[in-house]
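The structure appears right after this line, and notes come after that.
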Amino acid sequence: QIVDLDTKRNQNREGLRALQKDLSLSEDVMVCFGNVFIKMPHPQTKEMIEKDQDHLDKEIERLRKQLKVKVNRLFEAQGKPELKGFNLNPLSQDELKALKIILKG
351 QIVDLDTKRN
361 QNREGLRALQ
371 KDLSLSEDVM
381 VCFGNVFIKM
391 PHPQTKEMIE
401 KDQDHLDKEI
411 ERLRKQLKVK
421 VNRLFEAQGK
431 PELKGFNLNP
441 LSQDELKALK
451 IILKG
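Using this note's numbering, the letters of the sequence shown correspond one by one to residues 351 to 455.
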């Protein structure tokens with residue numbers, strides 16, 4: 351399920367990139383929904399894809415958190431020790447900026 355959502359997220363990213371390259375904001379664009387093509391205004395299409403990207407990001411993150419819990423339960427049931435570093439979280443933008451400032455100084 352994570353792989354399918356990630357594939358859709360990559361397709362959305364490709365679509366957003368194509369919209370960014372197309373500088374004619376006044377023209378309508380063709381959007382594919384399954385087997386149907388629909389003509390939509392450029393700004394509305396971009397906004398719709400960005401909202402879908404946000405939703406996909408949140409859904410993938412939720413599934414990954416659930417996966418971590420399930421993997422820990424599996425290791426616990428097998429009597430194996432918990433994986434080291436498996437529950438690490440990435441740095442936020444603010445934390446990354448602060449770290450760069452510290453390393454430069």
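A virtual CB, placed ideally from N, CA and C, is assigned to each residue, including glycine.
A Cβ-Cβ separation of about 6 angstroms places Asp378 in contact with Pro391 under the 8 angstroms criterion.
Of all alpha-carbon atoms in Val353, Asp356, Gln361, the one lying nearest the alpha-carbon of Cys382 is that of Gln361. With contact defined as three or more Cβ pairs closer than 8 angstroms, the segment 352-369 and the segment 398-417 are in contact.
DSSP places Lys389 inside the beta strand (DSSP E), whose first and last residues are 386-391. Measuring C-alpha to C-alpha distances from Leu417 to each of Asn437, Lys454, Lys447, Val386 identifies Asn437 as the nearest. For Asp378, the uninterrupted beta strand (DSSP E) segment begins and ends at 378-383. Two segments are said to touch when three or more pairs of C-beta atoms, one from each, lie closer than 8 angstroms; by this definition the segment 394-406 touches the segment 363-372. In the structure shown, the three-state DSSP call for Gln370 is helix.
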